[in-house]
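Asks: This is the structure I have questions about; it appears just below.
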Amino acid sequence: MSDWDLYKQTCFLMAQPLAPELSFAVITAHNPQGDKVSDTYNRLLDYRLQQDIVRLNVPYRELWGSAPDLSHREKSWAVLADKSIMLTLARAYQQNAIYWVDANQLYLTPCLLKDQSEEHIGTFSQRVIVSA
0 MSDWDLYKQT CFLMAQPLAP ELSFAVITAH NPQGDKVSDT YNRLLDYRLQ
50 QDIVRLNVPY RELWGSAPDL SHREKSWAVL ADKSIMLTLA RAYQQNAIYW
100 VDANQLYLTP CLLKDQSEEH IGTFSQRVIV SA
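Encoded structure:
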């Protein structure tokens, strides 16, 4: 299965759901270009990404992007910022794609994958797993 097809199956682990009317990006710094790297390197990338998000001076919240069976997880951020800014930031962290949420509609949006087009993949709320 391609990375793109795997991305379309992602669910999101959160401490509490976000308001359905919001527009935001879900972005990670983990595993640049879809290549598995060490946990230590992923933590370093995540720290740097969080600092870049803080500098944007916009609301954000931690979450985890996960395989449906929870076998793979990547720390991510829901960021209430302009889509073009988030795409630029994702490219800086060599990410293949981001998720864009607009009024609960979930889109998989390519960054580095030039052979893909943005794809509507359902509603965000249907993929959220609330965990303490």
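When we follow numbering that gives the first Met the number 0, the leftmost residue of the sequence shown carries the number 0, and every step to the right adds one. The beta carbon of each residue, even a glycine, is placed where N, CA and C say it ideally should be. This one's a predicted model, so the numbers in the text were calculated from it and none came from an experiment.
Between Val100, Leu86, Pro58, which lies nearest to Phe152 when the distance is taken from Cα to Cα?
Replies: Here the chain has residues from 0 to 131 only, and residue 152 is not among them.
Asks: Of all Cβ atoms in chain D, is any one closer than 8 Å to the Cβ of Gln49?
Replies: Chain labels in this structure do not include chain D; a single protein chain is all it has.
Asks: Do you know offhand how far Ile41's Cα is from Tyr92's?
Replies: Residue 41 sits at position 42 when you count from the first residue of the sequence shown. Residue 92 sits at position 93 when you count from the first residue of the sequence shown. First, the residue type needs correcting, since residue 41 is Asn and not Ile in the sequence shown. Rounded to whole angstroms, Asn41 to Tyr92 spans 11 Å at the Cα level.
Asks: What residue ranges within the stretch 80-129 form continuous alpha helix (DSSP H) runs of no fewer than 4 residues, ordered along the chain?
Replies: Entirely contained in the stretch 80-129, the alpha helix (DSSP H) runs reaching 4 residues are, in chain order, 82-91.
Asks: What do you get for Ala102, buried or exposed, if any count of 16 or more other CB atoms within 10 angstroms of its CB means buried?
Replies: In the sequence shown, counting from the first residue as 1, residue 102 sits at position 103. Per the 10 Å Cβ criterion, exposed.
Asks: Counting Cβ pairs, one atom from each stretch, are 3 or more of them under 8 Å apart for the stretch 18-37 and the stretch 57-75?
Replies: Touching, yes.
Asks: Given Ile84, which residues of its chain have a CB within under 6 Å of its CB, disregarding the five upstream and five downstream residues?
Replies: Translated into the one-based positions of the sequence shown, residue 84 becomes position 85. Once the five neighbours on either side are set aside, Ile84 has no close Cβ partner at all.
Asks: Can you name the start and end residues of the beta strand (DSSP E) that Val78 belongs to?
Replies: Start at 1 with the first residue of the sequence shown, and residue 78 comes out as number 79. Per DSSP, Val78 belongs to the beta strand (DSSP E) from 72-78.
Asks: Between which residues of its own chain and Gln8 is the CB-CB distance below 6 Å, once the five residues before and five after are set aside?
Replies: Here residue 8 refers to the residue found at position 9 when the sequence shown is read from its first residue. Same-chain partners within the cutoff: Pro67.
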